[in-house]
Amino acid sequence: MGPLTTVLRLPLYICLWVFAAIVLILTSVRLNYTLHLPKGDPLNNGVDFFDPIVAHLLACSLLALGTIPFVMQWVPQLITSAASANLFELASLSVIWLLWLVGCVVSTSIWPNLSFCFQFAPCRILTAMMAFAWLGWVTLVGLIVIAVLTAVKKARPSRSPLMVEWAARPGYYPRPSGGGYSGRPSANRYMVPV
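With our numbering, the residue at position 100 of the sequence shown is 659, and numbering never jumps.
Spelled out as C-alpha coordinates, the structure:
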(Lines of atoms letter the chains of each structure in order from A and count residues from 1; the text may use other names and numbers.)
(Lines give C-alpha, C1' and ligand atoms only; values in the text may rest on other atoms or scores of the structure.)
Protein backbone atom coordinates (compact mmCIF):
# COMPACT_ATOMS: atom_id res chain seq x y z
CA MET A 1 0.00 0.00 0.00
CA GLY A 2 1.42 3.34 -1.01
CA PRO A 3 2.16 6.17 1.39
CA LEU A 4 -0.63 8.34 -0.01
CA THR A 5 -3.30 5.73 0.63
CA THR A 6 -1.88 5.15 4.11
CA VAL A 7 -1.91 8.86 4.86
CA LEU A 8 -5.56 9.07 3.76
CA ARG A 9 -6.70 5.72 5.11
CA LEU A 10 -5.74 6.04 8.78
CA PRO A 11 -7.43 9.44 9.35
CA LEU A 12 -10.57 8.19 7.60
CA TYR A 13 -10.69 5.12 9.83
CA ILE A 14 -10.20 7.34 12.88
CA CYS A 15 -13.07 9.57 11.67
CA LEU A 16 -15.24 6.51 11.07
CA TRP A 17 -14.46 5.25 14.57
CA VAL A 18 -15.38 8.62 16.11
CA PHE A 19 -18.59 8.93 14.06
CA ALA A 20 -19.62 5.33 14.84
CA ALA A 21 -18.98 5.92 18.55
CA ILE A 22 -21.07 9.10 18.50
CA VAL A 23 -23.89 7.34 16.61
CA LEU A 24 -23.72 4.50 19.15
CA ILE A 25 -24.08 6.96 22.04
CA LEU A 26 -26.89 8.95 20.40
CA THR A 27 -28.88 5.88 19.40
CA SER A 28 -28.48 4.49 22.91
CA VAL A 29 -29.78 7.74 24.37
CA ARG A 30 -32.72 7.73 21.94
CA LEU A 31 -33.60 4.10 22.71
CA ASN A 32 -33.33 4.75 26.43
CA TYR A 33 -35.70 7.70 26.09
CA THR A 34 -38.32 5.92 23.95
CA LEU A 35 -38.25 2.73 26.03
CA HIS A 36 -38.69 4.69 29.30
CA LEU A 37 -41.08 7.53 28.46
CA PRO A 38 -42.08 9.61 31.47
CA LYS A 39 -45.74 9.80 32.44
CA GLY A 40 -47.58 12.50 30.53
CA ASP A 41 -45.00 12.73 27.73
CA PRO A 42 -46.71 13.93 24.53
CA LEU A 43 -44.65 11.52 22.44
CA ASN A 44 -46.79 8.43 21.70
CA ASN A 45 -49.15 9.45 24.55
CA GLY A 46 -46.57 8.35 27.13
CA VAL A 47 -46.55 4.71 25.94
CA ASP A 48 -43.08 3.14 25.67
CA PHE A 49 -41.91 2.17 22.17
CA PHE A 50 -38.76 2.04 20.07
CA ASP A 51 -37.93 3.09 16.55
CA PRO A 52 -36.64 0.12 14.52
CA ILE A 53 -34.43 2.39 12.44
CA VAL A 54 -32.70 3.65 15.58
CA ALA A 55 -31.96 0.06 16.53
CA HIS A 56 -30.70 -0.47 12.97
CA LEU A 57 -28.29 2.48 13.27
CA LEU A 58 -27.16 1.15 16.65
CA ALA A 59 -26.33 -2.21 15.04
CA CYS A 60 -24.54 -0.46 12.15
CA SER A 61 -22.37 1.54 14.52
CA LEU A 62 -21.52 -1.58 16.53
CA LEU A 63 -20.65 -3.42 13.33
CA ALA A 64 -18.40 -0.58 12.19
CA LEU A 65 -16.67 -0.37 15.58
CA GLY A 66 -16.14 -4.14 15.57
CA THR A 67 -14.80 -4.32 12.02
CA ILE A 68 -12.25 -1.49 12.19
CA PRO A 69 -9.67 -3.36 14.34
CA PHE A 70 -9.72 -6.31 11.93
CA VAL A 71 -9.43 -4.19 8.80
CA MET A 72 -6.60 -2.08 10.23
CA GLN A 73 -4.88 -5.32 11.34
CA TRP A 74 -4.76 -4.29 14.98
CA VAL A 75 -6.04 -7.78 15.83
CA PRO A 76 -4.02 -10.81 14.69
CA GLN A 77 -5.65 -12.30 11.63
CA LEU A 78 -5.77 -15.58 9.84
CA ILE A 79 -5.52 -13.72 6.52
CA THR A 80 -1.88 -13.55 5.49
CA SER A 81 -2.16 -12.51 1.85
CA ALA A 82 -2.28 -8.80 1.05
CA ALA A 83 -4.84 -9.44 -1.70
CA SER A 84 -7.09 -11.37 0.68
CA ALA A 85 -6.80 -8.64 3.31
CA ASN A 86 -7.72 -6.04 0.70
CA LEU A 87 -10.68 -8.15 -0.41
CA PHE A 88 -11.80 -8.54 3.22
CA GLU A 89 -11.54 -4.77 3.72
CA LEU A 90 -13.50 -4.03 0.55
CA ALA A 91 -16.21 -6.58 1.34
CA SER A 92 -16.66 -5.48 4.94
CA LEU A 93 -16.71 -1.79 4.00
CA SER A 94 -19.28 -2.50 1.28
CA VAL A 95 -21.60 -4.32 3.67
CA ILE A 96 -21.30 -1.60 6.32
CA TRP A 97 -21.78 1.06 3.61
CA LEU A 98 -25.02 -0.54 2.44
CA LEU A 99 -26.36 -0.93 5.99
CA TRP A 100 -25.48 2.68 6.89
CA LEU A 101 -27.05 3.93 3.67
CA VAL A 102 -30.31 2.17 4.49
CA GLY A 103 -30.25 3.56 8.04
CA CYS A 104 -29.50 7.11 6.89
CA VAL A 105 -32.10 7.14 4.12
CA VAL A 106 -34.90 5.64 6.21
CA SER A 107 -34.22 7.88 9.21
CA THR A 108 -34.11 10.95 6.96
CA SER A 109 -37.41 9.93 5.33
CA ILE A 110 -39.06 9.48 8.74
CA TRP A 111 -37.71 12.73 10.24
CA PRO A 112 -37.01 15.04 7.25
CA ASN A 113 -37.29 18.32 9.15
CA LEU A 114 -37.15 18.55 12.93
CA SER A 115 -36.70 22.31 13.15
CA PHE A 116 -40.20 22.70 14.61
CA CYS A 117 -39.23 20.92 17.84
CA PHE A 118 -35.65 22.08 18.45
CA GLN A 119 -36.60 23.30 21.91
CA PHE A 120 -36.89 19.64 23.01
CA ALA A 121 -33.80 17.51 23.67
CA PRO A 122 -35.17 14.36 21.91
CA CYS A 123 -35.44 16.31 18.63
CA ARG A 124 -31.90 17.61 18.95
CA ILE A 125 -30.69 14.07 19.67
CA LEU A 126 -32.45 12.76 16.54
CA THR A 127 -30.98 15.54 14.41
CA ALA A 128 -27.47 14.91 15.73
CA MET A 129 -27.91 11.14 15.28
CA MET A 130 -28.88 11.56 11.61
CA ALA A 131 -26.09 14.08 10.98
CA PHE A 132 -23.38 11.81 12.37
CA ALA A 133 -24.86 8.81 10.55
CA TRP A 134 -24.56 10.70 7.25
CA LEU A 135 -21.01 11.79 8.14
CA GLY A 136 -20.11 8.15 8.84
CA TRP A 137 -21.59 7.11 5.51
CA VAL A 138 -19.55 9.77 3.66
CA THR A 139 -16.43 8.51 5.45
CA LEU A 140 -17.26 4.97 4.33
CA VAL A 141 -17.52 6.20 0.73
CA GLY A 142 -13.99 7.63 0.99
CA LEU A 143 -12.67 4.40 2.48
CA ILE A 144 -14.29 2.31 -0.26
CA VAL A 145 -12.77 4.55 -2.96
CA ILE A 146 -9.31 4.08 -1.41
CA ALA A 147 -9.84 0.30 -1.10
CA VAL A 148 -10.95 0.05 -4.75
CA LEU A 149 -7.97 2.11 -5.93
CA THR A 150 -5.64 -0.11 -3.92
CA ALA A 151 -7.23 -3.26 -5.38
CA VAL A 152 -7.01 -1.91 -8.95
CA LYS A 153 -3.41 -0.91 -8.41
CA LYS A 154 -2.56 -4.45 -7.29
CA ALA A 155 -4.34 -6.08 -10.24
CA ARG A 156 -2.28 -6.98 -13.27
CA PRO A 157 -3.26 -6.08 -16.80
CA SER A 158 -4.92 -8.89 -18.71
CA ARG A 159 -2.07 -9.17 -21.25
CA SER A 160 0.78 -9.13 -18.76
CA PRO A 161 3.02 -12.17 -18.65
CA LEU A 162 2.10 -14.72 -16.04
CA MET A 163 5.34 -14.70 -14.12
CA VAL A 164 6.25 -13.81 -10.61
CA GLU A 165 7.70 -10.33 -10.07
CA TRP A 166 10.88 -11.57 -8.37
CA ALA A 167 11.63 -13.88 -11.30
CA ALA A 168 11.26 -11.07 -13.81
CA ARG A 169 13.79 -8.79 -12.14
CA PRO A 170 17.10 -8.61 -13.98
CA GLY A 171 20.02 -9.79 -11.97
CA TYR A 172 18.02 -12.02 -9.64
CA TYR A 173 19.76 -15.21 -10.72
CA PRO A 174 23.41 -15.16 -9.70
CA ARG A 175 25.91 -15.75 -12.41
CA PRO A 176 27.99 -18.86 -11.95
CA SER A 177 31.58 -18.15 -11.11
CA GLY A 178 34.15 -19.52 -13.54
CA GLY A 179 33.35 -22.61 -15.51
CA GLY A 180 33.56 -20.87 -18.86
CA TYR A 181 30.30 -18.98 -18.66
CA SER A 182 30.22 -16.81 -21.75
CA GLY A 183 26.78 -15.32 -21.41
CA ARG A 184 25.49 -17.29 -24.40
CA PRO A 185 22.85 -19.96 -23.94
CA SER A 186 24.36 -23.41 -23.92
CA ALA A 187 23.05 -26.23 -26.01
CA ASN A 188 20.52 -28.35 -24.26
CA ARG A 189 21.96 -31.80 -23.80
CA TYR A 190 18.51 -33.34 -23.81
CA MET A 191 17.64 -32.10 -27.29
CA VAL A 192 17.83 -34.77 -29.93
CA PRO A 193 18.91 -33.57 -33.38
CA VAL A 194 16.33 -34.16 -36.06
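All C-beta atoms, glycine included, are put in the ideal place defined by N, C-alpha and C.
How long is the line joining the alpha carbons of VAL697 and PHE675, rounded to whole angstroms?
Their backbone Cα atoms lie some 27 Å apart in a straight line.
Helix, strand or coil, according to DSSP, for ASN672 in the structure here?
It is coil, neither helix nor strand.
Please determine, among LEU708, LEU646 and ALA614, the residue with the shortest C-alpha to C-alpha distance to GLY662.
Among LEU708, LEU646 and ALA614, the Cα nearest to that of GLY662 belongs to ALA614.
Under 6 Å Cβ to Cβ from THR686, same chain only, skipping five residues before and after it: list those, please.
So the qualifying residues of the chain are LEU673.
Since LEU616 is in the alpha helix (DSSP H), which residue starts that stretch and which ends it?
Here the alpha helix (DSSP H) through LEU616 covers 611–630.
To the nearest angstrom, how far is it from the Cα of LEU658 to the Cα of VAL700?
Roughly 13 Å separates the two Cα atoms.
If we count Cβ pairs, one from each stretch, closer than 8 Å, do we get three or more for the stretch 595–604 versus the stretch 568–575?
Output reads no: the stretch 568–575 does not touch the stretch 595–604.
Take TYR592 and list the residues in its own chain whose beta-carbon comes closer than 7 Å to its own, dropping the five residues that flank it on each side.
Same-chain partners within the cutoff: PRO681.
Report the CB separation of LEU622 from LEU590 in whole angstroms; it is logged as a contact under 8 Å.
Not really, about 16 Å apart at Cβ, beyond 8 Å.
Counting C-beta neighbours from all protein chains within 10 Å, is the total for VAL582 16 or more, i.e. buried, or is it exposed?
Result: buried.
Cα separation between ALA692 and ILE669?
Approximately 14 Å between the Cα atoms of the pair.
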